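Protein chains in written order, with my numbering: chain L, 28 to 111; chain G, 389 to 596. Heads up, the beta-carbon is just placed ideally off N, CA and C, and yes, glycines get one too. Computed from a predicted structure; not experimentally measured. Beneath this line is the structure, given in structure tokens, with notes to follow.
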Ligand SMILES: [Zn+2]
């Protein structure tokens, strides 16, 4: 029998569908019996889905300008005929 | 900002030295490049590694064969720059949190009784759906702050896999970790972010 603690270790594999068949049966059985773990899995799934919707961090305008300037400098150095 | 119909078009522009194309790539890739560099060499020289990587990218672009996405290819160059730096300094590849991998769960043990059942079962969330979580500016910030607090390797995995949607297989190659380690790290990161969201849930009601 899986414990709630076991389920808490397996949650990512549960939500990413990475469990073996036999494990899936054991997990299903536990979740059928246990409201708290059902709740936890649901919340972890919402957490993962939230991360998927979150926009990746972008550098700010200054950081972008600085980096692009460096890159354009390198390009000119490597090939002086190339610049726009 | 210029949009690129496909990666081929973008790459063509990059090879020709087009500033707008580089601006586009810096805006969208630079943060991930930094995450990867930090995960491998630490914060202090991560920026240097990214500069090395840009030089390699510029030189190697004409030879890019498109067998992976441009982003994956660039991140692999960052990873190689970082690893060769470590070799040069004859340092070991010591990813920050690889050492404590054996601690499987990131939930504190007092959450569970000795028999493994919940000592404090997860509480009800008032804001429970991803859409609602995203819509709440406060929770949004809480999630972002929780990500910033993660060890750098976990930050990389969360960013590359969840937000950028890279394949786990590619991420493992970039960060030079095994598939099973990457799963453990992703799980710990998610659990920590769950904790951050959980801590905040129901707070409004308490304060009323
Ligand atoms: Zn349970």
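- Message: Classify residue 485 of chain G: buried if its beta carbon has 16 or more other beta carbons within 10 angstroms, exposed otherwise.
- Response: Low confidence applies here, because residue 485 of chain G scores a pLDDT of 44, under 50, leaving its location unreliable; read the following figure in that light. The residue is buried, with at least 16 neighbouring Cβ atoms inside 10 Å.
- Query: Comparing alpha-carbon positions, which option in L:28, L:69, L:91 and L:86 lies nearest residue 52 of chain L?
  - Reply: L:28
- Item | Same chain only: Cβ atoms within 7 Å of residue 515 of chain G, ignoring 5 sequence neighbours per side | 521, 524, 527 and 589
- Item | With 16 other Cβ atoms within 10 Å as the buried cut-off, status of residue 578 of chain G | buried
- Which of the three DSSP states, helix, strand or coil, is assigned to residue 506 of chain G? The answer is strand: DSSP assigns residue 506 of chain G an E or B state.
- Message: If you measure from each CB to the nearest heavy atom of ligand 1 and keep those under 5 Å, what residues do you get, in chain order?
- Response: Those residues that have a beta carbon less than 5 Å away from any non-hydrogen atom of ligand 1 are, in order along the chain, L:31, L:61 and L:64.
- As assigned by DSSP and simplified to three states, the class of residue 500 of chain G: strand
- Message: When you compare the stretch 540-552 of chain G with the stretch 98-109 of chain L, are there three or more beta-carbon pairs, one atom per stretch, that lie closer than 8 Å?
- Response: no
- Query: Closer than 8 Å, CB to CB, is residue 420 of chain G near chain L or not?
  - Reply: Closer than 8 Å: yes.
- Item | Same chain only: Cβ atoms within 8 Å of residue 462 of chain G, ignoring 5 sequence neighbours per side | 413, 417, 421, 441 and 445
- Task: Please go through the stretch 445-478 of chain G and give each complete alpha helix (DSSP H) segment of 4 or more residues, from N-terminal end onward.
- Result: 458-476
- Message: If the cut-off is 8 Å on Cβ atoms, which residues from the stretch 84-96 of chain L count as contacting chain G, listed in chain order?
- Response: Along the stretch 84-96 of chain L, going in chain order, the ones with a CB nearer than 8 Å to a CB of chain G are 84, 85, 86, 90, 91, 94 and 95.
- Message: Taking 8 Å as the limit between beta carbons, can you name the residues of its chain near residue 452 of chain G, skipping five residues before and five after?
- Response: 399, 458 and 461
- Query: Got a sec: is the Cβ-Cβ distance from residue 410 of chain G to anything in chain L below 8 Å?
  - Reply: yes
- Message: Nearest by alpha-carbon distance to residue 80 of chain L: which of G:549, G:497, G:558 and G:565 is it?
- Response: G:549
- Query: What is the C-beta distance between residue 530 of chain G and residue 585 of chain G, in whole angstroms, given that I count them as a contact (C-beta under 8 Å)?
  - Reply: Between residue 530 of chain G and residue 585 of chain G a beta carbon distance of about 7 Å is seen, short of the 8 Å cut, so the two are scored as contacting.
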